[in-house]
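Residue numbers are given in full-length UniProt numbering: position 230 of the sequence shown equals residue 230, and the series is strictly consecutive.
Every residue gets a Cβ at the ideal spot worked out from N, C-alpha and C, and that includes glycine.
All values derive from a computational prediction rather than experimental measurement.
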Amino acid sequence: MTFGFDTLKETFSVDVSGAEGRPLDVPLIAPFTITSSRLDAVGNVAVRVELRNGSVGWGEAPVLPSVTAEDQPAALAAARDACGLLVRSPAMTLGALLAEVSRLLPDHEFASVRAGVEMALIDAVANSIRIPLWRLFGGIPIVSPNEAAELAAKYRKQGFSTLKLKVGKDLNSDIDVLKAIRSVHPDCSFILDANEGYTAQQAIEILDKLHEMGVVPILFEQPVHRDDWDGLHHVSHAAKDKYGVSVAADESCRSLHDAQRIIQGNLAHVINIKLAKLGVLGSLEIIDFARKAGLALMIGGMVETRLAMGFAGHLAAGLGCFSFVDLDTPLLLSEDPVIGGYEGIFFQPRIILIFYTA
Numbered sequence: 001m002t003f004g005f006d007t008l009k010e011t012f013s014v015d016v017s018g019a020e021g022r023p024l025d026v027p028l029i030a031p032f033t034i035t036s037s038r039l040d041a042v043g044n045v046a047v048r049v050e051l052r053n054g055s056v057g058w059g060e061a062p063v064l065p066s067v068t069a070e071d072q073p074a075a076l077a078a079a080r081d082a083c084g085l086l087v088r089s090p091a092m093t094l095g096a097l098l099a100e101v102s103r104l105l106p107d108h109e110f111a112s113v114r115a116g117v118e119m120a121l122i123d124a125v126a127n128s129i130r131i132p133l134w135r136l137f138g139g140i141p142i143v144s145p146n147e148a149a150e151l152a153a154k155y156r157k158q159g160f161s162t163l164k165l166k167v168g169k170d171l172n173s174d175i176d177v178l179k180a181i182r183s184v185h186p187d188c189s190f191i192l193d194a195n196e197g198y199t200a201q202q203a204i205e206i207l208d209k210l211h212e213m214g215v216v217p218i219l220f221e222q223p224v225h226r227d228d229w230d231g232l233h234h235v236s237h238a239a240k241d242k243y244g245v246s247v248a249a250d251e252s253c254r255s256l257h258d259a260q261r262i263i264q265g266n267l268a269h270v271i272n273i274k275l276a277k278l279g280v281l282g283s284l285e286i287i288d289f290a291r292k293a294g295l296a297l298m299i300g301g302m303v304e305t306r307l308a309m310g311f312a313g314h315l316a317a318g319l320g321c322f323s324f325v326d327l328d329t330p331l332l333l334s335e336d337p338v339i340g341g342y343e344g345i346f347f348q349p350r351i352i353l354i355f356y357t358a
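Given below as structure tokens:
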């Protein structure tokens, strides 16, 4: 974790005067489908926290059945319980209050709601001390519009053009889709995300077929079921040894224990960090562990609005340690429920991170 945030947790006194959880319902442009579920509209939970000094912070708890443990009614009830705790609690350090939230909303069962409450608290504190979230977590400078234009042109000439494709439902159909895209966009790069949909054999087979097409994905996310540790190990080693493809653990990493197992067993090359899956503090703990172990990191989302994706964008920009940034879920919404905010463009070596924040 970064020194600044750790110090802030131990020294900044938080006194919450008001907090509430409310439904955040937004239609999608089209249904969002992964191997294990289908989402026709976003039914998340927004969390608002106000400190005694008037500073306000916002957070979001995404709800994606079969991925998050909560449905919207359960998430809303848990968020309101947590908000009640915040208001009843006496003034205490940020770290102590976050620990109280973790005790009320423990483990993976309440990870999404915990993340939303943590986001709102940390956002309120950042607003209270008048610094942007990304600076709280570290800091990469925002460039001027002219510099941004020059860098964007430079990176475009260098061929930054990547598509992420959801696969894993049917191997033959997946191959057909890949061929169709390749025929109209022959120069694009691919990230494949199977969302646990393949067996180890199928995962290797799709890499073989792509190799025959002259296509090498830059990343293969969660090729097998989250509990198929042997399969994940087998695919990771085969993908890297045969084709130089890195494999990312997403659903397989839902706790620090999972991250330790992945790293110590050399089960994947990348860990995908999602705040709704791990909570903010849990994510920072895993990021710190993975960085010390030399493992690459990715940051992603679960069909959230700019509330959650903006926070994740600040985290990515502040820490500057993510090799893959996938924070595009607000683009799936047919309307934007968030008013205001600003647009930030951050550049890192080999990565262009563009996000819209609330």
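Subject >> For R88 and S17, the rounded distance between their alpha carbons >> reply: The count along the sequence shown starts at 1 and reaches residue 17 at position 17. The count along the sequence shown starts at 1 and reaches residue 88 at position 88. Going by the C-alpha atoms only, they are around 9 Å apart.
Subject >> Residue from Y243, L64 and V247 with nearest C-alpha to L232 >> reply: Along the sequence shown, one-based indexing puts residue 232 at 232. Taking only the C-alpha atoms, the option nearest L232 is V247.
Original post:
Who are the Cβ neighbours of T11 in its own chain at under 8 Å, not counting the five residues just before and after it?
Top reply: Taking the first residue of the sequence shown as 1, we reach residue 11 at position 11. Correct list, in chain order: T93.
Original post:
When we look at the beta-carbon of T7 and count the other beta-carbons within 10 Å, is it buried (16 or more) or exposed?
Top reply: Counting from one through the sequence shown, the residue named residue 7 turns up at place 7. Result: exposed.
Subject >> Exposure label - R22; buried when at least 16 CB within 10 Å >> reply: Here residue 22 corresponds to residue number 22 of the sequence shown, with the count starting at 1. The residue in question, R22, is exposed, as its Cβ has fewer than 16 Cβ neighbours within 10 Å.
Original post:
What's the call for N53, buried or exposed, on a 16-neighbour Cβ count within 10 Å?
Top reply: As a first step, residue 53 is located in the sequence shown; it is residue number 53 there, counting from the start. Its Cβ having fewer than 16 others within 10 Å, N53 is exposed.
Original post:
Would you call the region 256-270 and the region 41-58 in contact, with 3 or more CB pairs under 8 Å?
Top reply: no
Original post:
Does DSSP classify T199 as helix, strand or coil?
Top reply: Within the sequence shown, residue 199 is the residue found at index 199, counting from 1. Coil, per DSSP.
Subject >> Secondary structure of F110, DSSP reduced to three states >> reply: Here residue 110 refers to the residue found at position 110 of the sequence shown. Note: F110 maps to helix in three-state DSSP.
Original post:
Got a sec: is the Cβ-Cβ distance from L86 to anything in chain D below 8 Å?
Top reply: This model lacks chain D altogether, as it is built from one protein chain only.
**OP:** Please state whether DSSP places K277 in a helix, a strand or coil.
**Re:** By 1-based counting over the sequence shown, the position of residue 277 is 277. Helix at K277.
Original post:
Just the Cα atoms here: how many angstroms apart are I287 and L297?
Top reply: Residue mapping note: residue 287 aligns to position 287 of the sequence shown, counting from 1. Residue mapping note: residue 297 aligns to position 297 of the sequence shown, counting from 1. Each residue's alpha carbon lies about 8 Å from the other.
Original post:
Tell me, which residues are paired with I191 by DSSP?
Top reply: The residue you call residue 191 lines up with position 191 of the sequence shown. According to DSSP, which records beta bridges pairwise, I191 is partnered with K164 and L219.
**OP:** Measure how close the beta-carbons of L192 and L165 come, nearest whole angstrom, since I'm counting them as under 8 Å.
**Re:** Working through the sequence shown from its first residue, we reach residue 192 at position 192. Working through the sequence shown from its first residue, we reach residue 165 at position 165. The pair is a contact, with the Cβ atoms about 6 Å apart (cut-off 8 Å).
Original post:
In chain order, which continuous runs of the beta strand (DSSP E) of length 3 or greater are located wholly inside the region 52-104?
Top reply: 56-61
Original post:
How is M309 classed by DSSP in three states: helix, strand or coil?
Top reply: Reading the sequence shown from its first residue, position 309 is the one you call residue 309. Helix at M309.
**OP:** In angstroms with no decimal places, state the Cα-to-Cα distance between A312 and P330.
**Re:** Translated into the one-based positions of the sequence shown, residue 312 becomes position 312. Translated into the one-based positions of the sequence shown, residue 330 becomes position 330. Roughly 12 Å separates the two Cα atoms.
Subject >> Cβ separation of Q202 and L171, assumed to be a contact under 8 Å, to the nearest whole Å >> reply: Locating residue 202 in the sequence shown gives position 202, counting from the first residue. Locating residue 171 in the sequence shown gives position 171, counting from the first residue. Their Cβ separation, rounded to whole angstroms, is 5 Å, which keeps Q202 and L171 in contact under 8 Å.
**OP:** Entirely within the region 235-268 and at least 3 residues each: give me those beta strand (DSSP E) ranges in chain order.
**Re:** 247-249
Original post:
Ordered along the chain, which non-local residues of its own chain (more than five positions away) have a Cβ less than 8 Å from that of I29?
Top reply: Here residue 29 refers to the residue found at position 29 of the sequence shown. If we look at I29 and ignore the five residues flanking it on each side, its Cβ neighbours are L332, L333 and S334.
Original post:
If A41 and V113 are in contact, beta carbons under 8 Å, what's the gap, nearest whole angstrom?
Top reply: The residue labelled residue 41 in the question sits at position 41 within the sequence shown. The residue labelled residue 113 in the question sits at position 113 within the sequence shown. Their Cβ separation, rounded to whole angstroms, is 19 Å, which puts A41 and V113 out of contact at 8 Å.
Original post:
Got a sec? Which residues, its chain only, sit under 8 Å from I299 by beta carbon, not counting five neighbours each side?
Top reply: Numbered from its first residue, the sequence shown carries residue 299 at position 299. So the list reads N272, I273, K274, A312, L315, A316, F322, F324, V325, D326 and L327, once near-sequence residues are dropped.
Original post:
Pick from G57, L64 and N127: whose alpha carbon is nearest that of K277?
Top reply: Translated into positions along the sequence shown, residue 277 becomes position 277. When each option's Cα is compared against that of K277, the closest is L64.
Original post:
Span of the beta strand (DSSP E) holding L297?
Top reply: To locate residue 297, count along the sequence shown from 1; it is residue 297. L297 -> beta strand (DSSP E) spans A296 to I299.
Original post:
Run through DSSP, which three-state label would F5 get?
Top reply: Position 5 of the sequence shown, counting from 1, holds the residue named residue 5. Of the three classes helix, strand and coil, the one that applies to F5 here is helix, per DSSP.
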